[in-house]
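To convert, note that position 174 of the sequence shown is 176 in our numbering; the numbers rise steadily by one, no gaps.
The beta carbon of each residue, even a glycine, is placed where N, CA and C say it ideally should be.
Quantities reported herein were computed from a predicted structural model and do not represent experimental measurements.
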Amino acid sequence: MFKNNYKFNLTKFITSVLIPWIPSESLKMGSAMQIYNTTHSYWLVTTLFMLMNIPILIVQIFSKQLMKLFNFKKGLLIVDFFSAVLLIAPIIIWKLFPISTNTGLIVTILMILNMLQSFTYSIKTLYIRQMTHFISNNKAQLDIANVVFNVGVALSLIISPIFSVQVFNKITFDIFMTINLIFYLVSIVLFRTIKLNENAFVAETKQEKIVLGQSTNVVYVVTISSIAGLFLFTRQSGVIGFFNNYNYDFHFWSYYLAITMGILGLVGIIVAFLIKKTRWKINNTILLFIFFILNLSWLFISQIKNVSLSIAWFFVINAIQQFIINFINNNLGFRTQNITFAKRTIKVEKIVTLIQVTTSIIFTFLLTYVLVVSSYYHSYILYTIILLTMILLVYSYRPKV
């Protein structure tokens, strides 16, 4: 009976995570496409994604204060209420003011909306991570709860491109926001039905293989996380430049690239979880060198005068790279998420996230600059050089087993 209740609880938990994330990711993708369609500016698309990173920085800086200010139950309620207001406001504005032909106003609204939504989701993620400790009774269940959360987010990255193509691009903005609001209300109800323990389960730290207090291992974890931030360029602002480079319809192909990467990313999360339950050890550094070789290969393949081969190989390498990134991040994550309440770990995880987001903003800016003043190929060369530098840093600071 207990196991069945726990499984039912997890089902509600993953559904609560998945439902609001789908329209959120769809809005993010749709906004980027809409902004480029109306302005043909790579810089504005890059600005959109950089603005969405600012709330993550703010929430991480004040995460300790936010967790003290409200417990996760009240915190989720307040965030959900604010999110509902956030979704209702654009619907009213769209109905009252004829802004559909005002390009500047549309871009401004989309940027502000995505930035505020990123803020609410960053806070919500903070509280949901805390919630996993209240639905778990032992370390095994906590591991499962963490992977269920990651799977929910990964599934949203697969479904949201489909949702964007089939819904976002075929209806008006106010109707899309209404659907978004309905999804969100369903999620709120599901979160309220999840059974919680009176006390949080906190995993012991004795068997942790990575001692986060050691500076060497902090550099190792931070650099790997920064590689994940660098990789975002290929699926965010850089993706439009790639398909424009070949005069391919980026609306059509970028969604299929996102779906392909999403599927392999989900597989990476699941494989990381399954391998953790065995005694197998996979060297993260070797995986990152494979990641680099794949990256390097496209620079040569793209010089062959075969557009179909170049694009197909780009799909393949990005899908495999997404698998590697998700596998490594979740492999590291299982060693850190389970001791969320330890002050030392909170401090290190905060540093990791802050550096990851900051480097992502810097790299995106640099790569977009090269894309605008030169070409996508040259921005990819710079991307590959930065990647190699970071992998060598990971190799230098790898944990000694």
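Assigned exposure category for residue i - 16 Cβ within 10 Å defines buried
i, result
"Asn199", "exposed"
"Phe83", "exposed"
"His380", "exposed"
"Lys211", "Low confidence applies here, because Lys211 scores a pLDDT of 44, under 50, leaving its location unreliable and the question unanswered by this model."
"Gln67", "exposed"
"Ile94", "exposed"
"Lys96", "Correcting the residue identity first, residue 96 is Trp in this sequence and not Lys. By the neighbour-count rule (16 or more Cβ atoms within 10 Å), Trp96 is buried."
"Val105", "First, the residue type needs correcting, since residue 105 is Thr and not Val in the sequence shown. When all chains shown are included, Thr105 counts as exposed."
"Val47", "buried"
"Phe244", "buried"
"Ile363", "buried"
"Val155", "buried"
"Tyr385", "buried"
"Lys208", "Because the pLDDT of Lys208 is 46, which lies under 50, any placement of that residue in the model is unreliable, and the number read from its coordinates should be weighed accordingly. Per the 10 Å Cβ criterion, exposed."
"Leu157", "buried"
"Leu268", "buried"
"Trp282", "exposed"
"Ala34", "buried"
"Thr110", "exposed"
"Leu311", "exposed"
"Lys9", "exposed"
"Val309", "exposed"
Assigned secondary structure, residue i (DSSP; H/G/I helix, E/B strand, else coil)
i, result
"Leu378", "Per the sequence shown, the amino acid found at residue 378 is Tyr instead of Leu. Tyr378: helix per DSSP, three-state reduction."
"His42", "coil"
"Gln305", "coil"
"Glu27", "helix"
"Asp82", "helix"
"Arg281", "coil"
"Tyr186", "helix"
"Ile145", "Here residue 145 is Asp; the residue named in the question, Ile, does not match the sequence. In this structure, Asp145 counts as helix in the three-state DSSP scheme."
"Gln36", "helix"
"Ser138", "coil"
"Leu394", "helix"
"Lys9", "helix"
"Asn199", "coil"
"Asn332", "helix"
"Asn219", "helix"
"Val204", "coil"
"Asp251", "coil"
Pairwise C-alpha distance: residue j and residue i
i, j, result
"Ser85", "Asn152", "21 Å"
"Ile196", "Thr13", "9 Å"
"Ile357", "Phe175", "35 Å"
"Tyr123", "Ile306", "43 Å"
"Phe138", "Val374", "Residue 138 is actually Ser in this sequence, not Phe. Using only the alpha carbons, I get a separation of about 49 Å."
"Ile90", "Asn55", "23 Å"
"Ser398", "Ser43", "39 Å"
"Val273", "Phe329", "7 Å"
"Tyr382", "Val191", "45 Å"
"Gln238", "Asn11", "34 Å"
"Ser189", "Phe15", "9 Å"
"Val221", "Val396", "8 Å"
"Val150", "Phe302", "39 Å"
"Thr366", "Ser299", "22 Å"
"Leu88", "His135", "29 Å"
"Ser376", "Leu368", "12 Å"
"Thr49", "Met69", "29 Å"
"Ser228", "Leu98", "43 Å"
"Leu296", "Ala202", "43 Å"
"Pro57", "Thr41", "25 Å"
"Ser249", "Tyr378", "Checking the sequence shown, residue 249 turns out to be Asn, not Ser. Whole-angstrom Cα-Cα distance: 12 Å."
"Gly240", "Val372", "11 Å"
"Thr180", "Trp23", "15 Å"
"Ala147", "Lys126", "16 Å"
Cβ pair residue i, residue j closer than 9 Å
i, j, result
"Trp45", "Thr370", "yes"
"Ala260", "Met52", "no"
"Leu128", "Val19", "no"
"Glu27", "Leu187", "no"
"Ile265", "Phe252", "no"
"Asn247", "Leu29", "no"
"Phe294", "Ile393", "yes"
"Ile327", "Gly270", "yes"
"Pro25", "Phe185", "yes"
"Gln132", "Phe74", "yes"
"Asn333", "Ile288", "no"
"Gln404", "Leu107", "The displayed coordinates of the chain run from 3 to 403. Any statement about residue 404 would go beyond what the structure contains."
"Val359", "Leu115", "no"
Residue i Cβ short of 8 Å to the ligand FAD heavy atom set
i, result
"Ile326", "This structure lacks the ligand FAD, and indeed carries no ligand of any kind."
Are three or more beta carbon pairs between the segment 310-329 and the segment 220-237 nearer than 8 Å? yes
Cβ contact check for the segment 157-174 and the segment 277-297: 3 or more pairs under 8 Å: no
Would you call the segment 142-160 in contact with the segment 71-80, where contact means no fewer than 3 C-beta pairs closer than 8 Å? no
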